[in-house]
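Protein chains in written order, with the working numbering: chain A, 47 to 356; chain B, 218 to 618.
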């Protein structure tokens, strides 16, 4: 058991190492340095900047310094936002992203799963069709469309819903809807099909035959087993939602790391791009790892260390 | 002997059939191949057929549509900027109608809704909200105070021409010159959306093809080789899979730094093949134990031939299903990239770029956002329906007898 966790952690660290290395050399391969401006800087200033940021060192030395920085959670300075480090930017942006992501995940769990269950219990009734049509639309409409439609039809017409920023609790609704739309619909569909599958099993018939109340049959016997595939999807999804909010943060002007990332891409601020990529990847890998470990604790059918897909 | 027996049993009401005709009684039905069988089942799936029709229509829209359009995607007409698809017209003369755009340009139109010209603005009285325009030497006064009032009493603007004031629009007409309106440079939206379809679909199809080639080759080699090679190849896939790929697409786009069509295709094509590789490997692992592969091996067929002649054709079903699902997600990713400013460069535009351009003027010109958004959503919907249908048609486990 412990061996399995160790193995997973080591392989996660290894992945992270590869990501950092890859990103570092990819960034160094770009033509044009970080100080290339439309109006060229005097050579003396470039020389000084290069000296300040240790860009005169051989690439391999820079690489080791960078890796040392990552190991000590120091992602280096920003080249464009003078005086700020990548760590500062992450510290500024992360709370916003986390809050919106959290609300979105809550939306998915609180609406997606119950809708799927209702849909399965009322299979082929009107409500099932309505839910499934909505879910299909939700899977096919991109988040930026959802976000802009929300602004156009709702928040710009109702004066007490703020359009941008996160100034009051109502402001979370729009970003959370846009961010959760796809996953919410997907979870609803997944829950429905998994629930339908479980309801056909013999042990459900047995439970009913034994005279258990419908509430207990559904709540205790069916739901527990139907949730397993849903959890498998929800785990990586949480990570993806926390790391995939660039567009939504941009449209709703939320101070989040997604927005800083897009800005750094547009500014060609290389250290920030590398730093944020490593940070995002680390977050993603850690989340998937945590979910995997948690999952192996919940589902007794999973044999540790053996892959079900093979 | 037999002949005689038959003769004896002959009943005058019946007569013997010639032996050549006898053969016809045995019904010969051609056996259905895998693909014919799948097509038969696909045809019975109404939703899948809707999806197929949608896919064909969208492709035709993008491929043939621009030929019928009088405009090109880059044609600008600075007289007619930001003209919506429908507008209210006010009668001024016998056959003259005007329409006030959101930018307070007065556009001369005819009764059918064809745009004729932009009238020259001669005077702007910004305090009283009255603008004056020139029409054939006479003045037209447009008073738009009411538009800015909370309670306008049902009156939007007042148009005065030769001392006749119209308070209510004569009627609402559809834009005949630009059916889907124009953008902020006076370019025809319909044409731009059609060209956008070309770009979005080209990116999606070619990127999927690249993914397909890389993924199928990688997966088939990994599955067929087995052992250490398979281990190493699959560990690398695991590593790639644990990276948030959107970040890498963005990084690659920044590094290549040439915002052409091919950059996006190469980037998308080189990143999203992992799922396909896994799928093909899984299929190959099962297929390579079959007797026909063993037979091919014993007669010394090369591995490349075994893969291309035996393994891939037999794994085609799942590959096609996964491909139909890859196309919409490529459209999606491309739209997403264009939307954060990493798409094709102007004046070309994909649906994502069009949506991004429309974002700034959303509250005034919402139609500019709706058209590309609906196009994206319809494409996704059609491919998803078709993919679901193909999945149930090609998967033998879902067969219902």
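Note that CB positions come from ideal geometry on N, CA and C, so glycine has one too.
From a predicted model like this one, the values you see are computed outputs, not experimental measurements.
Counting only Cβ pairs nearer than 8 Å, list the residues of chain E close to residue i.
{"i": "residue 444 of chain B", "result": "Absent here is chain E; the protein component of the structure consists of chains A and B."}
I want to verify the contact list: residues of chain A whose CB lies under 9 Å from the CB of residue i, in sequence order.
{"i": "residue 558 of chain B", "result": "308, 311 and 312"}
{"i": "residue 553 of chain B", "result": "188, 189, 190, 292 and 293"}
Would you report the Cα separation of residue i and residue j, rounded to the nearest angstrom?
{"i": "residue 354 of chain A", "j": "residue 499 of chain B", "result": "At residue 354 of chain A, the pLDDT of 40 sits below 50, so the modelled position is not reliable; the number obtained from the coordinates is stated separately. For residue 354 of chain A and residue 499 of chain B, the distance between alpha carbons rounds to 12 Å."}
{"i": "residue 511 of chain B", "j": "residue 450 of chain B", "result": "24 Å"}
{"i": "residue 387 of chain B", "j": "residue 201 of chain A", "result": "33 Å"}
{"i": "residue 350 of chain A", "j": "residue 342 of chain A", "result": "Since pLDDT at residue 350 of chain A reaches only 48, below the 50 mark, its modelled position is unreliable, and no value is offered."}
{"i": "residue 545 of chain B", "j": "residue 304 of chain A", "result": "24 Å"}
{"i": "residue 568 of chain B", "j": "residue 413 of chain B", "result": "5 Å"}
{"i": "residue 541 of chain B", "j": "residue 113 of chain A", "result": "41 Å"}
{"i": "residue 444 of chain B", "j": "residue 502 of chain B", "result": "12 Å"}
{"i": "residue 307 of chain A", "j": "residue 390 of chain B", "result": "45 Å"}
{"i": "residue 71 of chain A", "j": "residue 467 of chain B", "result": "15 Å"}
{"i": "residue 52 of chain A", "j": "residue 58 of chain A", "result": "10 Å"}
{"i": "residue 375 of chain B", "j": "residue 304 of chain B", "result": "15 Å"}
{"i": "residue 573 of chain B", "j": "residue 553 of chain B", "result": "9 Å"}
{"i": "residue 358 of chain B", "j": "residue 320 of chain B", "result": "16 Å"}
{"i": "residue 62 of chain A", "j": "residue 331 of chain A", "result": "8 Å"}
{"i": "residue 494 of chain B", "j": "residue 289 of chain B", "result": "41 Å"}
{"i": "residue 618 of chain B", "j": "residue 533 of chain B", "result": "Residue placement at residue 618 of chain B is poorly supported in this model, since its pLDDT is 37, which falls under 50; the coordinates are not used for a value here."}
{"i": "residue 220 of chain A", "j": "residue 447 of chain B", "result": "46 Å"}
{"i": "residue 426 of chain B", "j": "residue 151 of chain A", "result": "34 Å"}
{"i": "residue 126 of chain A", "j": "residue 134 of chain A", "result": "13 Å"}
{"i": "residue 378 of chain B", "j": "residue 329 of chain B", "result": "21 Å"}
{"i": "residue 301 of chain B", "j": "residue 175 of chain A", "result": "35 Å"}
{"i": "residue 315 of chain A", "j": "residue 124 of chain A", "result": "7 Å"}
{"i": "residue 539 of chain B", "j": "residue 325 of chain B", "result": "53 Å"}
{"i": "residue 406 of chain B", "j": "residue 272 of chain B", "result": "21 Å"}
{"i": "residue 281 of chain B", "j": "residue 417 of chain B", "result": "15 Å"}
Verify the CB distance criterion: does residue i have a CB-CB separation below 8 Å to chain B?
{"i": "residue 102 of chain A", "result": "no"}
{"i": "residue 72 of chain A", "result": "yes"}
{"i": "residue 326 of chain A", "result": "yes"}
{"i": "residue 284 of chain A", "result": "no"}
{"i": "residue 352 of chain A", "result": "Summary for residue 352 of chain A: the model assigns pLDDT 46, below 50, so the residue's position carries little reliability; its value from the coordinates is reported in the next sentence. Chain B contact via Cβ: absent."}
{"i": "residue 105 of chain A", "result": "no"}
{"i": "residue 339 of chain A", "result": "no"}
{"i": "residue 61 of chain A", "result": "yes"}
{"i": "residue 116 of chain A", "result": "no"}
{"i": "residue 64 of chain A", "result": "yes"}
{"i": "residue 274 of chain A", "result": "no"}
{"i": "residue 250 of chain A", "result": "no"}
Since residue i is in the beta strand (DSSP E), which residue starts that stretch and which ends it?
{"i": "residue 621 of chain B", "result": "Limits of chain B in this structure are 218 at one end and 618 at the other, which puts residue 621 of chain B out of reach."}
{"i": "residue 304 of chain B", "result": "303-308"}
{"i": "residue 263 of chain A", "result": "From DSSP, residue 263 of chain A is part of no beta strand (DSSP E); its letter is neither H nor E."}
{"i": "residue 325 of chain B", "result": "323-326"}
{"i": "residue 387 of chain B", "result": "It is not in any beta strand (DSSP E) - residue 387 of chain B carries neither H nor E in the DSSP assignment."}
{"i": "residue 565 of chain B", "result": "From DSSP, residue 565 of chain B is part of no beta strand (DSSP E); its letter is neither H nor E."}
{"i": "residue 347 of chain B", "result": "347-352"}
{"i": "residue 316 of chain B", "result": "314-317"}
Note the first and the last residue of the continuous alpha helix (DSSP H) segment covering residue i.
{"i": "residue 173 of chain B", "result": "No answer is possible for residue 173 of chain B: it lies beyond the span of chain B, which begins at 218 and ends at 618."}
{"i": "residue 497 of chain B", "result": "491-504"}
{"i": "residue 408 of chain B", "result": "406-442"}
{"i": "residue 339 of chain B", "result": "Residue 339 of chain B -> not in any alpha helix (DSSP H); beta strand (DSSP E) instead, spanning 337-342."}
Is the Cβ of residue i closer than 8 Å to any Cβ of chain A?
{"i": "residue 270 of chain B", "result": "no"}
{"i": "residue 374 of chain B", "result": "no"}
{"i": "residue 544 of chain B", "result": "no"}
{"i": "residue 604 of chain B", "result": "no"}
{"i": "residue 441 of chain B", "result": "no"}
{"i": "residue 618 of chain B", "result": "Residue confidence is low: residue 618 of chain B scores 37 on pLDDT, short of 50, so the model does not pin down where it sits. No coordinate-derived value is stated."}
{"i": "residue 658 of chain B", "result": "This structure leaves residue 658 of chain B out entirely; chain B is present only between 218 and 618."}
{"i": "residue 597 of chain B", "result": "yes"}
{"i": "residue 549 of chain B", "result": "yes"}
Name, please, each residue of chain B whose Cβ falls closer than 8 Å to the Cβ of residue i.
{"i": "residue 442 of chain A", "result": "The first residue shown for chain A is 47 and the last is 356, placing residue 442 of chain A beyond what the model contains."}
{"i": "residue 296 of chain A", "result": "557"}
{"i": "residue 185 of chain A", "result": "597 and 601"}
Under 8 Å between beta-carbons, which chain A residues line up against residue i? List them in chain order, please.
{"i": "residue 540 of chain B", "result": "Per Cβ cutoff of 8 Å: no residues; residue 540 of chain B is ~18 Å from chain A at best."}
Run down chain B in chain order and give the residues with a C-beta less than 7 Å from the C-beta of residue i.
{"i": "residue 75 of chain A", "result": "472"}
{"i": "residue 323 of chain A", "result": "464 and 468"}
{"i": "residue 48 of chain A", "result": "Result: empty, since nearest Cβ-Cβ is about 21 Å, beyond 7 Å."}
Looking at the ligand PLP, does it come within less than 7 Å of residue i, judged from the CB to the closest heavy atom?
{"i": "residue 477 of chain B", "result": "Because no ligand of any kind appears in the structure shown, any question about the ligand PLP cannot be addressed here."}
Near-chain A residues of the stretch 566-593 of chain B - C-beta to any C-beta below 7 Å: 572, 576, 579, 580, 583, 586, 590 and 593
Against chain A, which members of the stretch 371-402 of chain B pass a CB distance test of less than 7 Å? none
Below 8 Å between beta carbons is the criterion; list the residues of the stretch 191-208 of chain A that meet it against any residue of chain B, in chain order. 191, 194, 195, 197, 198 and 202
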